[in-house]
Structure formats: C-alpha cells, structure tokens
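Residue numbers (the numbering used here), protein chains in the order written: chain W, 1289 to 1369; chain G, 60 to 553; chain E, 101 to 376; chain L, 273 to 405. All C-beta atoms in this analysis are idealised placements derived from N, C-alpha and C, irrespective of residue type, glycine included. Structure, as structure tokens:
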Amino acid sequence: MIWQLDFIILTLVIISGIAAISIKDLLGAAVLFGAYSFMMCLLWSIMGAVDVAFTEASVGAGVSTVLFVAAVFRTTRRSRD
Amino acid sequence: MSDHFPALIIVVPLLSAFFIAAAGWIRRTLCFPIALFAMTVSLYSAIALLCEVVTEGRVIYHLGGWSPPWGIAYDIDYLNGIVLVVVAAVAFINLFATRSSVALEFPRKLGPFYALYVLFVTGLLGIVVTGDAFNLYVLLEIAALTGYALLGMGEGRAPLASLNYIFMGTIGASFYLLGIGYLYLATGSLNMADIATLLPEIYHSKVVLLAFIICMTGLFIKMALFPLHFWLPDAYAYSPSASISLIAPLTTKVMVYVMIRIALTVFTPRFSFASPTVSASFVWLAAIAIVMASIMALSQKSVKKMLAYIIIAEVGYMVGGLWLGNRNGITGAILHIINDAAMTLCVFLAAGNILFKLKQDSFDHLQGLFRKMPFSMAALVIGALSIIGVPPTCGFFSKWYLLLGGIDAGQYGFVAALIFSSLVNVVLFFRIFEIGFFESAQEHHPTGRAPIEEAPLEMLVPLMVVAALLIVLGFYTGDIVNNLIRFALPAGIA
Amino acid sequence: MNKTIGLITVVLCGVMLLIGTADFPDWGDPQSPASRHVSPYYIEKSIPETSVPNIVTAVLADYRGYDTMFETTVIFTAGIACFFLLRVRRKEPEIRYYRHIPTGITLRIEQGAKLPEDSKVFERIDTLYAPHDLIIKTTARLIIPFILIFALYVIAHGHHSPGGGFQGGVILGAAIILFAISYDLRSANRKLSERAAALLSTIGVFIYAGTGALCLLLASNFLDYSALASILGVDPVTARSHGILIVEIGVGTTVMAVMVWIYYNLSSRGRQDEGL
Amino acid sequence: MDDILSILISKYNYWGYIILMMVGLYAMIIKKNLVKKIIGMSIMQTAIIFFYVSIGVKKNATIPIITHGHNGAADIVRASDYINPLPHVLMLTAIVVAVATLGVALALAIKIYRHYDTLEEDEIHDFLKNQAE
C-alpha cells in the first residue's frame, strides 16, 4: 500500500464530504454523497478491507444514493443551506 | 431444553416476529395470538433464568458453540436477571392493555405493528442478556429502529419528533460504537468480561479514558440525561398511545442498565469511581437534571408531556444513584430500575385509557374524570403516589435508598434535588387531581359526541394489575434487595 | 446563537478525539493489541475449523454469526418500518383505461366491470402512465441478466472471494430497482409484488434464525452449525461451511427483498403507483 | 523533517476520521434542512467505519483471504501475513445498520414533507407556531 495515494484519496473523501453538506441543490448533494461513498470504498480497498469496500460500493454508492434520489425526487430539491 | 433458556428468551420472540410479519399479509387475526405466545415464552424463560441464577450462580451460554472471546456469549448474573424479568413482564402486561387501542389506531397495519412490538422487546432483551460489547450495539440499533417507527406513527408533529429522535439516537449509538472501538484498539477484545480482565494494565492510557467518556456520552444521549434530553419530550408526547406505554417504561431504563453494566462490569468500580471529582461531577449533573426536568414539568399543559419530563427527572435519579459509588446508592439505582419501569407503565397506561376515551390529554379537558373513569383515575393516583414516593408504594423505597446513598457519600446537593423533585411531583399530580376531582364535570364529550365512560375491561384489568403490583413491590422491597440486588453489586463497593 | 453553540460542541468533540490519538498505536503496527489478542485465532483457525478461506465470511457467519443474524433482522426491521410509516392505501379510480396493444383500441372499464386478463396484450394507461424510453429500456434489459448472474455468483462464492449474502443481496435488489427505474413501478410490481417482497424478506431472515433454531433442536447451542452434520451427512467442519452457505442465502434473500421494498415505498411516497 | 513525516504517516488516517466525524456532526447539529441532516448522519457513521477499518490495517500483510484453499491445509497460516479481519466483520454489520437507519430516516422525511410541504426545520416550526395562534 502506498501512503501517498492513500493520502490523496483521503483528501478527496473529505472534500466530497464537505461539498455534499454545503451544496444548495439536494439532488447534487445526493450525487456528491454517492461520490463520497465511492471514494471511501476506494480508500478501504487500499487498506485491504475488500469485503467492507465491496459492501460500501454496493450499499453506500449504490442503493443509498438511489434512496436519496428517490426521496429528493418525491420531496423537493430546494434547500436553504 | 432447560440449558437453552438463554437462547429461548431471544429466539422465540425473534422467530415469532417473522411469523407475525407474514401473518400480517395472510391472516391479520393471527398477529395478536402469536405476539402473546412470544411474550409468554420470554417472560417464562426470563423468570426461569432468574431462578437458575439464584440457585446456580452466573449462567454463561456460548452462541454457535464458540467460547468467548472468539465467539459471542450470553453472560447472565443477578443484574441482568432482574432487568430481564422487568422487561419481559412490562412487555407482557402492556400487550394485553393496549390491544384495543392498537386495533383502533392501526386497524390495517396490525401485522407490522405487532412485528415491530415484538422486535423491540427482542432488542431490549438482547441488550440485557448479551455479554459482548459489539453485539450490544447491534441490538441497541434494533430497539432504536423499531422505536423510531413506533413513535413516528403518531399524528401531527410525531414524524418530526421521531426524526429528531433518529438524529440524537444515531449520535448516541455512534458514540457508543466509537467508545467500543477505542476499547478494542486498546485491548483487542470485544467480550465484556475479557475486556475487564485486560484493562487494569492500561488504566493510565488516554485511549481508555476517552473510551469511557465517549461511551458514557453516547449512553447519556440515549437515556436522555438533562442537557441531552431534548429529543425525548416531543417524541413521547406526540406518539400513538399504544406504543408509548411500551417504549416509555423500557427504553431509558434499559439504557441505565447498560450504563451500570459498562461502568461496573467493563470498567470495574476501581476505574469508574477512581476519581472522586469525576463521580461527584456526574452526581451534580444528575442533580441538575432532576431539578431542571422537574421545573420544566411544571410548565406543561398536557398529561403525556408532563410525564415525559418526569421520566427525564427519574433518569437523573438512577444516574446519580450509580455515581454515588456506594452500596446504598447503587442498590437504589437498581431498585429504581424495577420500580420506575412499573410506575411509568402504570401512569402511561392510565394516560392511555384517558386518551382512549377523551381523544386528548390537555389539563383543560380532565374535569370530573374521577366520576367518569374511577378505576383509571384510581390507578393514576397509585402511580402518582409511587412517583412522589409515598410509603407503602414501591417508589418510596428506592428513593429511600438513594437518599441514604446520598447522605453516605456526603452529596447533599443530590439529596436536596431528590426532595425537591418529590415536592414538585406532589404539585404536578395534585393539580391533575384537583381538576379531575373538584372542577365541575362536563356532561358530554368535549366534541359533543358520546358521554365519557370507563375504559373497556380488557384495558382496565392490566392497569389494575400494575397498580396492585406497585404496592406489592413496595411490600417485598426487603426481599428483593436482600435476595437479588445484594448479589448484583460487584465486590469492592463500600 | 444556536449555530455558535453547535460549532463549539463540534470543535470540542474534535479536540477531545484529537488528544486521544496521541496514545494510539502507530498505524498499521502488527504488534498493536487489536492485532495480537483475538484476531490471530480467526486467521489461523478458520480453515481447520470451518474450511472457509475467506476469513471475513467465516467470522461473519460463524464465529460472530449471532451478530449477523441481528444485522439481517435490522434490515428486515427497516423494511417493516418504512412500510409501517409510509404505506397508504388508495382506492382504485372509478374509471380505468386499458389499451389493446395489437390494435391500439382503448378500453374504458368502469367500477365493478370485469378487468381484462393481466396479460401482455393489454396495457394500463392513466395519468400516472409514463412512456418508457426505448434506449434506456433496451439497455436495462441487456444489463439486468448479467447483474443477476453476478449477484448470484457473489452470494455463492462468498466462501472464497470477497462478497457474500449481503453484498449479493444488495446487487440483486439493485437489479430490480434498475428495472423499476427504467420501466416504471407498475411493471416492477408485476415482476415482484410488494406482498412477495414482504414475504421474501420474512422468509430470508427466517432461514437464518431457523437454521440456528434447528441446531438448538439437534441438542447443540443456538447457531452451532456443526450439529447439522447429522442431517447433511458430512463431517462437522464441512457442516459449518455448508451452514454458512445456507445462512448467506437467507441474508441475500432478505436484503434483496427489503431493498426493493424500501425503494417501492420511498419512490412512490407509499402509494405504490408511480415510481421515479 | 523525517520525524514529522513519520508522525504524519502513522496518524493521518485517525485525523481524517476525526475531520469526517466533525463534518457529520456539524451537518446534523447546525443544518436546518432535513435531508442535509440525514446526509450528515451517514457521513458520521461512515467516519466511524473508517476508524474501525484503520484499526485493522497491518503493514506487510495481505487481504484476509487465505490463498491456498482446501488442499493446502497442511501449510502453516501465520497471523502476521493477513490483515486483521475482525474490524471488517464488525463494520459490515455497521454499514447495514447505517443503511437501515437511512431508509427509516428518509421515510420519516417523506412523511414530514407530505404533512408540511417543506423540509426546512425552521419553516416547519413557523408553520406550527402559526397553527397554534
């Protein structure tokens, strides 16, 4: 495992996490949350946690995002913060 | 089969929950009998288990045949045994008492309701019975998830209150999980008994201290200790009355049990009570919680919301009792788990009966209720006397032990808070009685429909049983303390 | 005001946690307590005791199988909770329209009248009717079989490679959700109705707990799969391996059904008529 | 310089988890939008999972799948060759719990929207205040 690579991905994770909670459009937030989960899954597979990474890829980046999109679609995209 | 009581107590309700969920789609009338069967079996096994603990000592059950620390084990001593019986008994009695209101409130969703009911009880029983710190987290989440769903089904503000409960509950559970992670990092084990043997070598480590603080913070959020309580009143006040009389008596009490378990079994008294300043600050926190919750209860205008603040004050009693760190204090805390579960059940069932007939519970509508619903109101009086702490009822005795513990430890602030809250409770309940007894009765239902009468018999009988239980528990306090709670205390407590 | 208090709480939490890291063992240290005490046992004994090379699967479904049973129950609970909270039943509208696809004739069906058979010749049309996009529909039809096969592979091959019941179940569920998105909720409901999803979720978790209870009936401890040896006709170690496979199938079924069930309820606000 | 770098390498993952945890808590406490709060909740749960996975890492070790299968059972499996599998197992469970909580939270959010027609917490409070008057 290469710590430089690990470090870069960790930075990306933090950036997409902060972006997900600060963007005004909720659909965008849902998609950014998907990106966050996917980066996280990469990070974990670098750390050797293949099963956890696999689960996060299918749950966090997959189904969670779909559920978020479904909920946003059924409510509203508008957000004031 | 008798060797497998520890497994039966969980497995039977769990399997029944699946049958109920399936029956909800096939034949709805089957749901209640299956739930009844599950609760009966778990109550029976809980009592049998407590008897086994009394006769043979600690019971350890290896799940999957793997011995701890590699596998998960149940570890039942006096402390779990007592709480198990309390949880199973409350769930059993409440199942009868709420049958009519469930049929009224969720006519089309009986299957999911009873499945969630049984799963909630399974989760709590699992929390109490397990000897594995991580397993406790998973069961905590089952109890919490079912709780969110049961509370969120109410009218109006309930979903928002329940969503706030989700946020706070998740923060609490996540903090607990993080604390367990710190313990795992420091010791490499997840089994409570194993952690307890490994910890003494590393008591000085910051990781252990932090694990302790994080775990306790998480549990304080979960049990709604005063500054972290704000999710509870709304969540409880707007919930359907069929679910609240199950959740209110059990959730906070089981969380207090978890706190006692973590503080006494995992960290051992040597660590938990090592620094008098830490213990004293927790006791002060509890004292402030009691006083503030009592004051806030005074300003409420509906029965359920007032009771919710009383629950927060009661949590303060138990937290304070534990952190007094002496024999009387901890005895009082454990005894209060039993008594408080019983009296909370009693008052919430009474409030449920009032709501069932009146459809609302604000103080303005209680006039003349003593004449209209004499039995429900009588039960409310007994419950209230117990919460206030009037002698033959059980509430007096646990309060007595707590007071003794406070005096032993020299924590007069806590003693004063206890007395203050008793006085406030007198005011709170006598206000209700005054409205109900002296103010002129309205001849008709507030909305002008059928006149109010006593709740149906199947709701009254369980309520009467609970009210009688409050007095019986009071008479047998000596036996409970001497034969059960005395052995639940760990060695090395003054 | 609230914002400041919140910010102070958050920063305090962060600082507290940061101080704690000072006493952490170095990252990746093989001699840290976490790697020395319990976990070596799993690594060294999982093949001799369960004959499962993927240690995570062995620990997940056997050594700590009780946790996993409740993990499945959590998912099941979430499914029931979403249904309990959201589901509303609406009466069918008085007048419904069906189109006979070969001829293009539209039929008007009034309350109480006999419905056309639920066949491929008729198509329901109403205000909720969403025309499908040909490209998306065809692509989904091409992809879904492969996703399903991959999901089954993930469940079945969990012993030897990353994966297992949970991941496979999620992928299975995702395939059905993809179908529901690319067609519409009504078509998906015809393939896997809500009732079927609910019953499947129950069955899956029942397979898990029932396997455990079966061990109990065979006079072993709960979830002790080696007791299944007498039924399966193999030695206890292989029986553990088979037991893991059985419970993984149960987990997969529940997870698949619940994911679809939650999606149905969330995407239609509990009405089960119109999806995304 | 080397010292600082080695401290950085040995601890930065733990700092990363603390930052993510703070981001999640911040969103849950301060944001007013309910979906934002739910996202914050998920971020916080992922941060804890990240912490657990970091505990399990072992230098010079491979993923916890034993490579030589059934026939090589005679080979000795050394614990130091494989990454600690226990945190992974725990975190699989935690991920499942997270997605279950997410589902219930979103269901409640939709129920709230059905009732109040908004997802902003302060707007809901205004609505309730107006209703009470």
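1) Within the same chain, show all residues whose beta-carbon is closer than 6 Å to that of L1315(W), passing over the 5 residues directly before and after it, in chain order.
2) Does DSSP put S361(G) in a helix, in a strand, or in coil?
3) Tell me, please, whether the region 457–470 of chain G touches the region 382–393 of chain G by the rule of three or more beta-carbon pairs shorter than 8 Å.
4) Tell me whether the region 403–421 of chain G and the region 363–376 of chain G touch, counting them as touching only if at least three CB pairs, one residue from each stretch, are closer than 8 Å.
5) Can you find a C-beta in chain G that's less than 9 Å from the C-beta of S352(L)?
6) Taking buried to mean at least 16 other C-beta atoms within 10 Å of its own C-beta, is K1312(W) buried or exposed?
7) Run the CB neighbour count on M60(G), radius 10 Å, all protein chains shown included, and call it buried at 16 or more, exposed below.
8) Are the C-beta atoms of L278(G) and some chain L residue less than 9 Å apart?
9) Looking at the strands, I want to know which residues DSSP matches up with T109(E).
10) Any idea if T206(E) is buried or exposed, counting beta-carbon neighbours within 10 angstroms, 16 or more meaning buried?
11) Is DSSP giving Y535(G) helix, strand or coil here?
12) Is there a C-beta anywhere in chain E that falls below 9 Å from the one on L1298(W)?
13) CA-CA distance, G507(G) and P521(G)?
14) Check whether the Cβ atoms of Y176(G) and L143(G) sit closer than 9 Å, and answer yes or no.
15) Using a Cβ-Cβ cut-off of less than 8 Å, give me the residues of the region 244–269 of chain E that come near chain L, in sequence order.
16) Given a limit of 9 Å on CB to CB distance, which residues of the region 322–334 of chain L reach chain W?
17) Which chain E residues sit within Cβ distance under 9 Å of H360(L)?
18) Interface residues of chain E around F1326(W) at Cβ under 7 Å?
19) Measuring CA to CA, which of A297(E), G258(E), D284(E) and E144(E) is closest to D373(E)?
20) When the distance is taken between beta carbons, is H259(E) closer than 9 Å to S248(G)?
21) Checking the sheet assignment: what are the DSSP bridge partners for H200(E)?
22) Hey, N139(G) and D167(E) are a contact pair by Cβ (cut 8 Å); roughly how many whole angstroms apart?
23) By the DSSP assignment, the alpha helix (DSSP H) with H342(E) in it spans what residues?
24) Since N250(G) sits in a beta bridge, which residues does DSSP pair it with?
25) Taking A547(G) as the reference, give the member of G442(G), I319(G), E513(G) and A476(G) with the closest Cα.
26) With DSSP collapsed to three states, give me the class of T334(L).
27) Out of curiosity, what's the CA-to-CA distance linking R329(G) and G464(G)?
28) So that I know if they touch, is there some Cβ in chain L lying closer than 9 Å to that of A274(E)?
29) Using a Cβ cut-off of 8 Å, pull out every chain W residue sitting near I277(E), in sequence order please.
30) To the nearest angstrom, how far is the alpha carbon of H387(L) from that of V156(E)?
31) Give a yes or no on contact between the region 102–110 of chain E and the region 285–301 of chain L, applying the rule of three or more CB pairs nearer than 8 Å.
32) Are there 16 or more other CB atoms within 10 angstroms of the CB of Y262(G), so buried, or fewer, so exposed?
33) Anyone know if the C-beta pair for L364(L) and L272(E) falls short of 9 Å?
34) Does DSSP put I306(G) in a helix, in a strand, or in coil?
35) Determine the chain G residues that contact L345(E) at a beta-carbon separation under 8 Å, and present them in chain order.
Looking at the atomic coordinates:
1) Stepping through the first sequence from its first residue, residue 1315(W) is reached at position 27. Excluding positions up to five away in sequence, the list reads V1360 and R1365.
2) Stepping through the second sequence from its first residue, residue 361(G) is reached at position 302. It is a strand residue.
3) The region 457–470 of chain G, when compared against the region 382–393 of chain G, does touch it at the 8 Å Cβ threshold.
4) Inter-segment contact for the region 403–421 of chain G and the region 363–376 of chain G is present: three or more beta-carbon pairs are separated by less than 8 Å.
5) The residue given as residue 352(L) occupies position 80 in the fourth sequence. Interface criterion not met: the Cβ of S352(L) is under 9 Å from no Cβ in chain G.
6) As a first step, residue 1312(W) is located in the first sequence; it is residue number 24 there, counting from the start. So K1312(W) ends up on the exposed side.
7) For the purposes of this step, residue 60(G) is taken as the residue at position 1 of the second sequence. For M60(G), the predicted model reports a pLDDT of 47, less than 50, meaning its position is unreliable and no value from the coordinates is stated.
8) In the second sequence, counting from the first residue as 1, residue 278(G) sits at position 219. Nearest CB-CB separation between L278(G) and chain L: not below the 9 Å threshold.
9) Stepping through the third sequence from its first residue, residue 109(E) is reached at position 9. Partner(s): none; T109(E) has no beta bridge.
10) For the purposes of this step, residue 206(E) is taken as residue 106 along the third sequence, with counting starting at 1. Burial call: exposed.
11) Along the second sequence, read from residue 1 onward, the residue named residue 535(G) stands at position 476. Coil, per DSSP.
12) As a working mapping, residue 1298(W) is identified with position 10 in the first sequence. Not one chain E Cβ lies under 9 Å of L1298(W).
13) Working through the second sequence from its first residue, we reach residue 507(G) at position 448. Working through the second sequence from its first residue, we reach residue 521(G) at position 462. Unreliable positioning characterises G507(G) in this predicted model, as indicated by a pLDDT of 48, which lies under 50. A coordinate reading is not provided.
14) By 1-based counting over the second sequence, the position of residue 176(G) is 117. By 1-based counting over the second sequence, the position of residue 143(G) is 84. No; because the gap between Cβ atoms is not below 9 Å, this pair is not in contact.
15) Answer in chain order: H260, S261, P262 and F266.
16) Flagged, chain order: F322, Y324, V325, S326, G328, V329, K330, K331, A333 and T334.
17) Residue numbering aside, residue 360(L) sits at position 88 when the fourth sequence is read from its first letter. Taking the beta carbon of H360(L) as reference, the chain E residues within 9 Å of it are I155, V156, V159 and L160, listed in sequence order.
18) To locate residue 1326(W), count along the first sequence from 1; it is residue 38. Within 7 Å Cβ-Cβ: nothing; F1326(W) doesn't reach chain E, min ~14 Å.
19) For the purposes of this step, residue 373(E) is taken as the residue at position 273 of the third sequence. Comparing alpha-carbon positions, the option among A297(E), G258(E), D284(E) and E144(E) lying closest to D373(E) turns out to be D284(E).
20) For the purposes of this step, residue 248(G) is identified with residue 189 of the second sequence, where counting begins at 1. For the purposes of this step, residue 259(E) is identified with residue 159 of the third sequence, where counting begins at 1. Their beta carbons are not under 9 Å apart, which means S248(G) does not touch H259(E) by this criterion.
21) The residue labelled residue 200(E) in the question sits at position 100 within the third sequence. For H200(E), which the question treats as bridged, DSSP gives the partners I205(E) and F222(E).
22) In the second sequence, the residue the question calls residue 139(G) occupies position 80. In the third sequence, the residue the question calls residue 167(E) occupies position 67. So it is not a contact: roughly 19 Å between Cβ atoms.
23) Here residue 342(E) refers to the residue found at position 242 when the third sequence is read from its first residue. Where H342(E) is concerned, the enclosing alpha helix (DSSP H) stretches over P336 to S367.
24) Taking the second sequence and counting its residues from 1, the one referred to as residue 250(G) is at position 191. DSSP output for N250(G) lists D191(G) as bridge partner(s).
25) For the purposes of this step, residue 547(G) is identified with residue 488 of the second sequence, where counting begins at 1. Proximity to A547(G) across G442(G), I319(G), E513(G) and A476(G) peaks at I319(G), based on C-alpha coordinates.
26) Here residue 334(L) is taken as the residue at index 62 of the fourth sequence, counted from 1. The DSSP-derived three-state label of T334(L) is strand.
27) For this step, residue 329(G) is matched to residue 270 along the second sequence. For this step, residue 464(G) is matched to residue 405 along the second sequence. One alpha carbon belongs to R329(G), the other to G464(G), and they sit about 18 Å apart.
28) For the purposes of this step, residue 274(E) is taken as residue 174 along the third sequence, with counting starting at 1. So, not an interface residue.
29) Position 177 of the third sequence, counted from the first residue, corresponds to residue 277(E). Chain W residues near I277(E): V1351 and V1354.
30) Position 115 of the fourth sequence, counted from the start, is the residue given in the question as residue 387(L). Position 56 of the third sequence, counted from the start, is the residue given in the question as residue 156(E). Answer to the nearest angstrom: the Cα atoms are 44 Å apart.
31) These segments touch.
32) Counting from 1 along the second sequence, the entry for residue 262(G) is found at position 203. It is exposed - the Cβ of Y262(G) has fewer than 16 other Cβ atoms within 10 Å.
33) In the fourth sequence, residue 364(L) corresponds to position 92, counting from 1. In the third sequence, residue 272(E) corresponds to position 172, counting from 1. At a Cβ-Cβ threshold of 9 Å, L364(L) and L272(E) do not count as neighbours.
34) Here residue 306(G) is taken as the residue at index 247 of the second sequence, counted from 1. I306(G) sits in a helix when the DSSP states are folded into three classes.
35) In the third sequence, residue 345(E) corresponds to position 245, counting from 1. Listed by position along chain G, the residues whose Cβ is nearer than 8 Å to that of L345(E) form an empty set, because the closest Cβ is around 16 Å away.
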